[in-house]
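Accompanying notes for the structure given below.
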Amino acid sequence: MTLSKDPLLQPYRLKHLTLKNRIMSTSHEPAYSEDGMPKDRYRLYHLEKAKGGMALTMTAGSAIVSEDSPPAFGNLYAYSDEIVPWLKKIADDCHEHGCAVMIQLTHLGRRTGWNKGDWLPVLSASPVREPAHRAFPKKIEDWDIERIVGDYAAAAQRMQAAGLDGIEFEAYGHLMDGFWSPATNRREDEFGGSLDNRLRFSDMVLDAVRKAVGPDFIVGIRMAADEDWDIGLSREEGVEIARRLADSGKVDFLNIIRGHIDHDAHLTKVIPIQGMAASPHLDFAGDVRAATKFPVFHAARIADVATARHAIAEGKLDMVGMTRAHIADPHIVRKIEEGREAQIRPCVGATYCLDRIYEGGGALCIHNAATGREATIPHVISKSPGPLRKAVVVGAGPSGLEAARVLAERGHAVEVLEATGEAGGQILLAARNPRRRELIGIADWRLAELERLGVPIHYNVFAGGDDVLALDPDLVVIATGGIAQNPELEAGDDLVVSSWDIIAGAVKPEGPVLLYDDNGAHTGMTAAELIAKAGVELEVVSPERFFAPEIGGMNHVPYAKAFAERNVRVTINTRLKAVRRDGNGLVATLGSDFSTDASAERRVAQVVVEHGTMPMADLYFELKPLSRNLGAVDYKALIRQENPIRSRNPEGTFDLFRIGDAVHSRNIHAGIYDAMRYGVLF
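Start counting the sequence shown at -13; every next residue gets the next number (the working numbering).
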């Protein structure tokens, strides 16, 4: 057998541990925990990456070591003995596939809220407010330090008892580096002032941990070696801390971060989203490695194999983190090994995963419905045990393309009918925002897969019932999507234009513009961003308590930036009631759901509205009476992942269901999940 010369596939020895390749998933909290424990959903998520060939999976974005570090986003309870058997199951399962398992431990310090967990006081080195979670921490006291140091040591012992291969401590935005950074440490005692003093707490923790777990257990630290902040930890001091840690003999690797995370705007510079530079801190991490001559790990939007390979080949990193990339495709390594790199499902930078976590939901990939659902949805689709079907999928948007892909992987004969001359559906619209152009990868990857699977797509076929029946199907999937719809207005429905009109370029913005968004998702905000960047005066009006509630904090950043730079006015708690013509302009009448007496008017040149989509379901209803199941779906069976189609019409010749926006207005992930959860049942 010939050994691979691929830099990514070379083994790496870390102390006594041999990692089989150079690819890892850095610690992150997918928010799959149950009562603070990593139960089956958590285990299966990490196991899938182990099956996919990864060398090291780092669990838990910030497993908490103390009760007064309340969970901010589904954090694991490392302070509880109950966690040991659950982690042991993860370690044992991953070890069977040659994948090492570590965990990140932390005390969140001020990066949490006082009204979570057991409602204990939030603390930090100094009482400096943390804006992201709106915490006003108390200044940590001597007795707090003593007990928290002990908590770190006890948590490390639990991880060792669970059979994990090692641990890392979190030191960016949390308690440990809260002492390091001048931005958060204003103390005048032995824990403040000089760098020696500011490192005293972390030294105490490392000493206690080494005493508890011994010299052989692997211990690392994920740290900001430059906070990129005029009041924070400088590059010089950060690299000096890295040097001291490397020389201390107390840690075995450094996981390097650059930036600070006080605010969503800062967080996106640490963890870039689509439209931002890829791998922006890779060279910096390489500089730290050169300065310390010490093992360095790093992850920050290293989404493609070529960049990861470059990072290892050029000696910038020892282990490369492809964390969000593995949320999109946990089998990256396996596909590299098998010469199938072209089949890797791309991370498109949508950051749907992280925004869901920070908004209190579990991590989900915008276009991989199996991630986080490993108990019921497969990442590798097996062949159907039969009978094989002749399937017709109508619509080549994301849900239609996914339905065709899954059914073809199952072994069915599939044909796709698309009304336009191009596949992609609403993704084509979303990608017209230059900043979100990467979304086209959702369609491109599926088109490549359909070509590999031999699935034909018939373009420019605005299918009617006869077109479908002419193909003699026994399964029909309606994925025709939706069209923009207006909100219900008292008057002036014919005077408004849709967000789609603006994004597609069918209507040119003419200012001043009032954009009324009664949907709160990307479409309205994309139209607003394009209007603002066109230099047109704009007011965004929303009936919500805050604008764009369906967009998470990280994706909120570029919209808010565009609005701030172009003086866009944002008005919340306000509803568009009517529009009337007044000379060459329009008058928009505004009201409030909170008071029937509230009323205002805006004189504008253009009113743009966003109110989601209306299903294009005519074909579905045309075919429904001809189908075996009359369009009906047994939802209880679908949830149990059993065949949800029941015969209701003996004269029918095909089964029928609809997915995505052909059902009602939702998002990309919902349509792809529909396609997957139905498709694997046939």
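Where a beta carbon is used, it is the ideal one built from N, C-alpha and C, also for glycine.
- With respect to W166, I227 sits close: the two C-beta atoms are nearer than 8 Å.
- Taking the Cα of P373 as reference, the smallest distance to any Cα among A157, G411, D21 and L667 is reached at L667.
- Of K1, D290 and T639, the smallest CA-CA separation from G427 is found for D290.
- Residue pairing by DSSP places Q90 opposite E154 in a beta bridge.
- Under the 10 Å beta carbon count, L150 is surrounded by 16 or more other beta carbons and is classified as buried.
- Taking a contact as a CB-CB distance under 8 Å, the pair R172 and G178 counts as one, their CB atoms being some 7 Å apart.
- Beyond the five residues adjoining it in sequence on each side, F580 comes within less than 8 Å, by CB distance, of N559 in the same chain, given in chain order.
- Scanning its chain for C-beta atoms nearer than 8 Å, with the 5 sequence neighbours on each side dropped, one finds around A77 the residues V87, A148, G149, L150 and D151, in chain order.
- Relative to the Cα of A399, the nearest Cα in the group A390, K376 and Q412 belongs to K376.
- Linking A518 to F203 through their CA atoms gives a straight-line distance of about 55 Å.
- Annotation for K197: A139 place their beta carbon closer than 8 Å to its own, counting only its chain and skipping 5 residues before and after.
- Within the same chain, Cβ atoms closer than 8 Å to the Cβ of V554 are found at A514, A518, L524, E525, V526 and A548, the five residues on either side in sequence being excluded.
- R555 carries a strand assignment under DSSP once its states are collapsed to helix, strand and coil.
- Following the DSSP letters along the chain, one finds I631 in no alpha helix (DSSP H), marked with neither H nor E.
- Sorting E82, K124 and D79 by C-alpha distance to the C-alpha of R97 places K124 at the top.
- Annotated as proximal: L393 and G665, with beta-carbon spacing under 8 Å.
- Distance from the Cα of L624 is smallest, within the candidate group E323, R663, N101 and T357, for R663.
- Going by beta carbons, A389 and V463 fall inside the 8 Å limit.
- It is roughly 29 Å from the alpha-carbon of V543 to the alpha-carbon of L303.
- A distance of 8 Å or more separates the beta carbons of I489 and T466.
- Within the model, the alpha-carbon separation for F643 versus E324 is close to 36 Å.
- In the three-state scheme derived from DSSP, where H, G and I count as helix and E and B as strand, S(-10) is classed as coil.
- For the 8 Å CB-CB criterion, P71 and G103 do not form a contact.
- In this structure, A564 is the residue among A564, A507 and A271 with its C-alpha nearest to the C-alpha of A477.
- DSSP, read as helix, strand or coil, puts F187 in helix.
- With respect to the 8 Å criterion, R8 and A41 are classified as neighbours on the basis of their beta carbons.
- Of the candidates E53, P266, P16 and I259, the residue whose Cα lies closest to the Cα of T337 is I259.
- Counting of Cβ neighbours within 10 angstroms places V482 among the buried residues, the total reaching 16 or more.
- In the assembly as shown, W129 is an exposed residue. Its beta-carbon has fewer than 16 other beta-carbons within 10 Å.
- Residue pairing of E345 in beta bridges, as defined by DSSP: absent, with no partner found.
- Considering only L350, G95, R221 and L609, the residue with the shortest C-alpha distance to G450 is L609.
- The residues A17, G348, A349, L350 and G538, in chain order, have a CB closer than 8 Å to that of R342 in the same chain once the five nearest residues on each side in sequence are set aside.
- Inter-segment contact for the region 632 to 652 and the region 358 to 374 is absent: fewer than three beta-carbon pairs are separated by less than 8 Å.
- Using a C-beta cut-off of 8 Å, the region 16 to 35 makes no contact with the region 327 to 335, since fewer than three inter-stretch Cβ pairs fall below that distance.
- The DSSP-derived three-state label of V306 is strand.
- As DSSP reads the structure, I242 sits in a beta bridge with M209 and H284.
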